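Terminal number for the sequence shown in my numbering: 479, no gaps in between.
We put the beta carbon where it would ideally sit given N, CA and C, even for glycine.
Just so you know, these numbers come straight off a predicted model, no measurement behind them.
Here the structure is laid out as structure tokens; the discussion comes afterwards.
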Amino acid sequence: MLPIMVLKFGILKSYENQSIQQRGKMVQNQCNNIADQLSDSMYFKGNSSPVIDNELAQLANLYSGRVVIVNNQLRVIKDTYGIDEKKFIVSEELIKSFKGEDTLHYDKDGEFIEMTVPVKDAVTKELIGVMIVSTPTQDIKDARDLLGRQVFVLQIVLALCVIGIAFYTSKILVRPFGKVTQSLEELTGGFLEDDIKLLDYTETQQLSEAYNKMLGRMKALDDSRQEFVSNVSHELKTPITSMKVLADSLLMQEEVPNELYKEFMTDIAEEIDRENKIINDLLSLVKLDKKASDLNIQPTNINELLELILKRLRPIAAKRNIELVLETFRPVSAEVDETKLTLAVSNLVENAIKYNKEGGWVHVSINVDHKYFYVKVEDSGMGIPEESQEHIFERFYRVDKSHSREIGGTGLGLAITRNAILMHRGAIKVYSKEGEGTTFTVRIPLNYVG
30 MLPIMVLKFG ILKSYENQSI QQRGKMVQNQ CNNIADQLSD SMYFKGNSSP
80 VIDNELAQLA NLYSGRVVIV NNQLRVIKDT YGIDEKKFIV SEELIKSFKG
130 EDTLHYDKDG EFIEMTVPVK DAVTKELIGV MIVSTPTQDI KDARDLLGRQ
180 VFVLQIVLAL CVIGIAFYTS KILVRPFGKV TQSLEELTGG FLEDDIKLLD
230 YTETQQLSEA YNKMLGRMKA LDDSRQEFVS NVSHELKTPI TSMKVLADSL
280 LMQEEVPNEL YKEFMTDIAE EIDRENKIIN DLLSLVKLDK KASDLNIQPT
330 NINELLELIL KRLRPIAAKR NIELVLETFR PVSAEVDETK LTLAVSNLVE
380 NAIKYNKEGG WVHVSINVDH KYFYVKVEDS GMGIPEESQE HIFERFYRVD
430 KSHSREIGGT GLGLAITRNA ILMHRGAIKV YSKEGEGTTF TVRIPLNYVG
């Protein structure tokens with residue numbers, strides 16, 4: 030609205046100025062013609078001229094105004110109103126005119142224009158008098174008011190157009206955002222639909238891309254959750270199914286030899302142990318899924334921590350005649366959760382022992398720089414196929430399912446390890462070649478940053 034009001038004011042002001050200037054030029058041209066006649070006559074010396082008087086009267090009547098002739102003595106020698114003749118008159122415009130200047134004064138409040146035109150002697154070129162012409166501007170004011178009303182109507186029309194265009198444009202502008210809002214509402218309601226594509230503007234394109242990324246992550250999370258539930262159900266159901274088959278076999282036979290009975294009960298006990306291990310690993314994984322604020326960060330001697338882990342696992346390695354070696358390059362102290370880091374490293378070392386060959390070796394080393402400490406676990410085991418390496422940290426993933434069951438693996442150990450390391454703002458990498466062994470490298474900051 031403000032620009033329209035400014036436009037209205039500009040139009041009216043421009044019209045008024047142009048009208049005043051045009052009126053002034055018209056009057057001045059006629060005054061110049063009369064001034065030429067006055068300069069050639071003896072009018073200023075007291076000789077009357079009916080021709081000049083008639084032209085002065087016509088000029089006054091033409092513009093419904095007044096014409097006054099003043100001599101160089103500042104005395105009025107002619108007044109078309111017949112009021113101020115033989116009187117003296119002084120004004121700022123008159124003084125300027127006697128200095129040779131043409132003047133034009135617009136009195137907006139008085140609604141008139143006053144012009145002064147100097148009259149020079151035709152021979153000597155000296156100023157011998159001044160013509161003063163005043164004309165009302167009521168007609169200009171009336172035309173200006175009419176134009177103002179027309180502009181006001183135009184202003185209303187423009188305002189309505191602007192409002193209509195703004196309303197229509199706003200609907201077009203917010204339409205993509207409405208689609209995003211609808212998609213978000215569907216998303217909160219649990220409906221994961223297709224991606225949205227909004228290429229209308231840069232902002233909506235960026236918004237749709239962010240939404241699609243979020244939707245992709247949520248779909249992946251939902252798929253992971255469903256897969257996890259399915260895997261948990263399967264893993265928990267398998268030992269129970271085995272126990273039921275063994276128990277039913279015993280019940281179906283009337284007389285069961287003690288040797289067979291003991292064998293079946295031993296198998297049932299092993300399945301119970303396996304079920305218990307799966308449940309314990311699941312509980313560990315759930316705890317690690319909590320926020321990092323659950324970490325109990327304390328300054329810890331990493332060298333001593335690794336020595337304790339290897340001391341606890343040496344009996345397991347000795348059963349398979351596997352050499353377990355710890356190599357330390359320098360003392361390392363870091364801010365870690367001792368329990369969770371112990372769990373992570375223990376899983377790596379225990380896997381290196383379990384998936385190794387008889388008489389093999391496991392080397393654990395620790396090193397440090399100015400920002401991180403590094404734990405490396407190397408083994409001489411069977412190795413991991415290249416196509417499986419990107420999946421080994423997934424829950425319930427097993428490279429060799431039959432071998433994993435034989436050694437009591439649940440498929441959760443590396444997932445637990447990875448979560449524990451990520452909670453410390455660390456990283457874990459794997460390098461493996463099938464048939465030659467595997468190397469896990471863990472990097473964790475010396476100073477924990479929450």
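- DSSP places residue 161 inside the beta strand (DSSP E), whose first and last residues are 156-165.
- Distances from the alpha-carbon of residue 356 to those of 366, 182, 339, 362 put 339 closest.
- Beyond the five residues adjoining it in sequence on each side, residue 109 comes within less than 7 Å, by CB distance, of 85, 86, 89, 95, 96 in the same chain, given in chain order.
- Put simply, of 375, 277, 455, 360 the residue whose alpha carbon is nearest the alpha carbon of residue 391 is 375.
- The bridge partners DSSP lists for residue 456 are 472.
- The Cβ atoms of residue 370 and residue 473 sit closer than 9 Å to each other.
- The Cβ-Cβ distance between residue 158 and residue 106 falls below 9 Å.
- Following the DSSP letters along the chain, one finds residue 141 inside the beta strand (DSSP E) bounded by residues 141-149.
- For residue 152, the three-state secondary structure derived from DSSP is coil.
- Rounded to the nearest angstrom, the gap between the Cα atoms of residue 459 and residue 350 is 25 Å.
- Judged by DSSP secondary structure, residue 376 falls within the alpha helix (DSSP H) whose first and last residues are 367-383.
- Secondary structure note for residue 126: it is in no beta strand (DSSP E), and the uninterrupted alpha helix (DSSP H) holding it is 121-127.
- CA-to-CA, the gap between residue 241 and residue 423 works out to about 24 Å.
- For residue 112, there is no enclosing beta strand (DSSP E), as DSSP gives it neither H nor E.
- Annotated three-state conformation of residue 331 is helix, per DSSP.
- Counting the other Cβ atoms within 10 Å of the Cβ of residue 420 gives fewer than 16, which makes it exposed.
- Comparing alpha carbon positions, the residue from 147, 312, 354, 378 closest to residue 125 is 147.
- The beta-carbon separation of residue 359 and residue 406, rounded to 18 Å, does not stay under the 8 Å limit for a contact.
- For residue 150, the CB contacts under 7 Å within the same chain, skipping 5 residues up- and downstream, are 68, 157 in chain order.
- Shown here, residue 409 sits in coil according to DSSP, grouped into three states, outside any helix or strand.
- Judged by DSSP secondary structure, residue 285 falls outside any beta strand (DSSP E); it is assigned neither H nor E.
- In this structure the region 164-174 lies against the region 41-49, because at least three pairs of beta carbons, one per stretch, are closer than 8 Å.
- A Cβ-Cβ distance of about 13 Å is found for the pair residue 118 and residue 160, leaving them out of contact under the 8 Å criterion.
- Counting along the chain, residue 82 sits inside the alpha helix (DSSP H) bounded by residues 79-91.
- Going by C-alpha positions, residue 141 is about 25 Å away from residue 101.
- In the three-state DSSP reduction, residue 138 falls in the coil class, being neither helix nor strand.
- Residue 334 is positioned such that its CB atom lies no closer than 9 Å to that of residue 343.
- In this structure, the straight-line span from the alpha carbon of residue 177 to that of residue 132 is close to 29 Å.
- Contact between residue 378 and residue 393 holds: CB atoms are separated by about 6 Å, below the 8 Å threshold.
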